Each structure stands twice: as structure tokens, then as C-alpha cells.
Amino acid sequence: MKLIADIASVWGDARFAIELLWKAGKIAEENDDLEVTPEHVRAAKADTYSVITESKLKYLGKHEKFVLLAIARKLRRTGKAYLRTGEAFDVYNVVCEEHGENPRKERQFLDYLKRLHGYGFIDLKISGAGERGRSHLISLPDIPARVIEEKLREMC
């Protein structure tokens, strides 16, 4: 529900949130899933209005693709709606190693996150109360993590 609220807040329209929830429920039902997951919500958003296209993915730099792949991989594997920057950075290092590339430092990684956010690929928000440090929470609001991961694996 939090992911739906975050996505719908961009539009400022409760009807959009209801439509997302309805579509996510239909997708879960079609997959014989008992509950609506973040992946269902992302698929519903992509079906409703997606800003991410394959051509936009192609224009990303190599390490921007690695960062996005790391985020998609971690979100898909955990089934969560959000992950922290530290978690994403750890997976980014693994992705770089898999591709025989040296990972960039954390400062450059954070710059990549900000760019991906500016392009509309990810959402970033400062972690809430009760969470240690000044970390950001990262989400993929527009397309299922599985789809992004598949597309980027083909490109990388």
C-alpha cells in the first residue's frame, strides 16, 4: 500500500491510486498469487503509464546500467518495495565484478542514483524516523524489477 501511495502522490489523484490497486489485484489474481506484492504494483503502473522504455535504457552509461541492474536484482530477490543505498551499493559491486569492471566509489554511486532518479527510472526518498543514519530508500515505481533485470542483462 505504501508503494501505491508513493506512486499515486506524484499524480495527486486518489482515483489513480485506486486504479493501481485494482490493476495490481487483477495481476495477482491472474498469477494465482494470494496477495498483492510490489512487483504486481510495478506491473500495474507500467500498464497504466510507463515512462521507462527500452530506448531510454540504451542511452544509460555502463555504470548507470549496472546500478539499475543491482537495484532491480535486489528488489526482485527480496520481494520488497524499497531498499537502502547501502544494500544497492553492495549488489552494484557484485554486478561490476560479474562484468569484469571496477566498481566506482560510493560518492560516484550516489551520483548515479541521483541521475537515475532525475531520468525517472527510480524513486529516492530519505529514510524515515527510527532508521539509523541518513540513508535513502530506493524503489522502482514504474516497471517490474524482473522486467528491468531481464532487459539490462541483455544489454550489459
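Heads up: the sequence shown at position 41 corresponds to 35 in my numbering, and the numbers run straight through without jumps.
Ideal Cβ placement from N, Cα and C applies to all residues, glycine included.
All values reported here derive from a predicted model rather than from experimental measurement.
Find out if the Cβ-Cβ distance for the pair residue 62, residue 142 is shorter than 8 Å. yes
What does DSSP give as the partner residues of residue 117 in its beta bridges? 133
Let me make sure I understand the geometry here. Which of 144, -3, 108 has the alpha-carbon closest to that of residue 12? -3
Bridge partners for residue 78 per DSSP, in chain order? 131
Taking 8 Å as the threshold (C-beta atoms), are residue 136 and residue 203 in contact? In the structure as shown, the chain begins at -5 and stops at 150. Residue 203 is therefore absent and cannot be evaluated.
Tell me which same chain residues have a C-beta within less than 7 Å of the C-beta of residue 134, skipping the five on either side of it? 36, 65, 66, 69, 116, 142
Counting only the same chain and skipping the five closest in sequence on each side, list residues whose C-beta sits under 6 Å from that of residue 131. 76, 119, 121
Under the three-state reduction of DSSP, which class applies to residue 42: helix, strand or coil? helix
Which of the three DSSP states is assigned to residue 99 in this structure? coil
Where residue 83 and residue 100 are concerned, what is the direct C-alpha to C-alpha distance, given to the nearest angstrom? 7 Å
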